[in-house]
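Working notes, beginning with the structure itself.
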Amino acid sequence: MANRLEVYIAVDGERTYQDGWNDPSLTDSGGRHSNVEFLVYIEDYVREALHFASRRPDPEALIFTRHSLRKIAALAVAAMEQNGVQTRAPADNLKQKHTS
């Protein structure tokens, strides 16, 4: 298992890598995308990971899906950076909802 800090470091490193695609000479979009476009990219990575995992044994499948999850998490972060973030209200406490 990884702790939250290790996860955030991995996602931040992936975001740094992804920022390399923001060069207009590499892509017409310059790395700018709508939320829908980000969801399409995320869905593609999910499908690719599931396809790979269903045809390969561990540890190969485990390693591939870990890479995929890091990429997916970073894509979600990039979407929020570019298009805004919707925060959860502090009063929206899941544990409290289940014990009431």
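Be aware that the sequence shown starts at 1, since it is given in the working numbering, and climbs by one per residue.
We treat Cβ as the ideally placed atom computed from N, Cα and C, and that holds for glycine.
| Asked | Found |
| --- | --- |
| Complete runs of the alpha helix (DSSP H) confined to the region 49-89 [at least 4 residues] | 60-83 |
| Inter-residue Cα distance where the pair is glycine 13 and threonine 27 | 21 Å |
| Counted within 10 angstroms of its Cβ, other Cβ atoms place isoleucine 63 as buried (16 or more) or exposed | exposed |
| Alanine 78 classed as buried or exposed, judged by whether at least 16 other C-beta atoms fall within 10 angstroms | buried |
| Three-state secondary structure (DSSP) of asparagine 3 | coil |
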